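Under this note's numbering, the first residue of the sequence shown carries the number 136, and numbering increases by one thereafter.
Backbone N, C-alpha and C fix where the C-beta goes; we use that ideal spot for every residue, glycine too.
Model, not experiment: these values are computed from the prediction.
I have placed the structure first, in the form of C-alpha cells, so that the comments after it can refer back to it.
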Amino acid sequence: VLEVIVLLWLIGVKIVLVHGGGPEISELMDKLGKKSEFINGLRVTDEETVDIVQMVLAGKVNKTLVNMLEMKGGKAIGLSGMDGRLIEAQVKDEKLGYVGEITKIHIKPVTDLLEKGYIPVVSTLGCDKKGNIYNINGDTAASYIAGALGAERLIMMTDIAGILSDKDDPSTIIPEISIIDAEKLYEEGIVSGGMIPKVECCVEAIQRGVGNAIIMDGRVPHSILMELLTNEGAGTMVTGVKNEHAE
C-alpha cells in the first residue's frame, strides 16, 4: 500500500494518510498488564489508556509510517490531531472516558504540508480547549478530514473486500452504491456489525463534499491501483445521490 501511495504522490496526486492503531494499542496494553475494554466497538479510554494511545499513535505507528514512506522515495511529515489543533473534540460518552467526538477540524496544518509537496500522515488523536487529549475513531477522523479538504476521494482500507450482499460470500461484492441505497442496507440487515460505522463514515464524507468513498481490502496487492486504473475497480464505491435523469 505504501509503495502505491508514493507512486501516486510522484505523479502529482495529493494524498493524506490518516491512521489508527488498534492492534498496536492492544498489544502494548497487554505487555503493560492492562486489560482492553470495548463498548460497541469503541475502546474504553481512561487516563492511563489515553497515555498509551498517545504513545502508540503519535509515537510508534505514526513515525514508523513516515519512515517507511521516506524509505520508499516519498516525502512525508507526521502529525497528530493535536498539532495545530487539527482535530478538536469533546467527550463522546462518559462511559467511554477519553473517547472523543469531533467538534471541529482546523485543516490548515494539512493543507500547508500538501502545498509544500509533503504526504501528511495523521494520527487520530484530538484535543479540547482545556488540554484534554482524546482517542478518536480512525474512520471518523478520515471522513472529517476528507470533508474539510473537499477531497475528490476517500479510500477506507480494511480487511474485507467491500460491501457484500451476502457477508459470507466474498463474490457478492457490490461494486458501486449510492448513499441512499447504502442507508437502505442498514434497514435490510445487509450491512451489520463492524461494517456499519465504515459505511456511515463514507456516507457522511460525501455529505461533507467528498466526491466518492471506497471501502476496499488493503491486504490485496495493488488494490488502490486496481480501483483507480481499471473498469472493474476494487472494493465498493459509495457515491452521491443517483441522478435519475442521467442517460
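query                                                                                                                                                      : result
Which parts of the stretch 142-167 are runs of the alpha helix (DSSP H), unbroken and 4 residues or longer, counting only runs that do not cross its ends? : 157-166
Contact defined as beta carbons within less than 8 Å: I believe T293 pairs with D352. What is the distance between those atoms, to the nearest angstrom?   : 7 Å
Output the distance between the C-alpha atoms of A381 and T374, rounded to the nearest integer angstrom.                                                   : Here A381 scores only 33 on pLDDT, less than 50, and its place in the model should not be relied on; the value that follows carries that caveat. In a straight line, the C-alpha of A381 is about 14 Å away from that of T374.
Under three-state DSSP, which class holds A317?                                                                                                            : helix
Taking P255 as part of the beta strand (DSSP E), name the residues at either end of that continuous run.                                                   : 254-258
In the DSSP assignment, what are the bridge partners of Q342?                                                                                              : Beta-bridge pairing links Q342 to no other residue.
Whole angstroms are fine: how far does the CA of A340 sit from the CA of I349?                                                                             : 11 Å
Please state whether the Cβ-Cβ distance between L192 and T259 is less than 8 Å.                                                                            : yes
For the alpha helix (DSSP H) containing A277, name the first residue and the last one.                                                                     : 273-284
Once DSSP output is grouped into helix, strand and coil, what is the label at I308?                                                                        : strand
Roughly how many angstroms separate the alpha carbons of Y253 and K149, rounded to a whole number?                                                         : 8 Å
Which word fits K333, buried or exposed, when buried means at least 16 other C-beta atoms lie within 10 angstroms of its C-beta?                           : buried
For E379, which residues in the same chain have their Cβ closer than 6 Å to its Cβ, ignoring the five residues on either side in sequence?                 : Unreliable positioning characterises E379 in this predicted model, as indicated by a pLDDT of 39, which lies under 50. A coordinate reading is not provided.
Please identify the residue among T371, L145, V257, L142 whose C-alpha is closest to the C-alpha of I212.                                                  : V257
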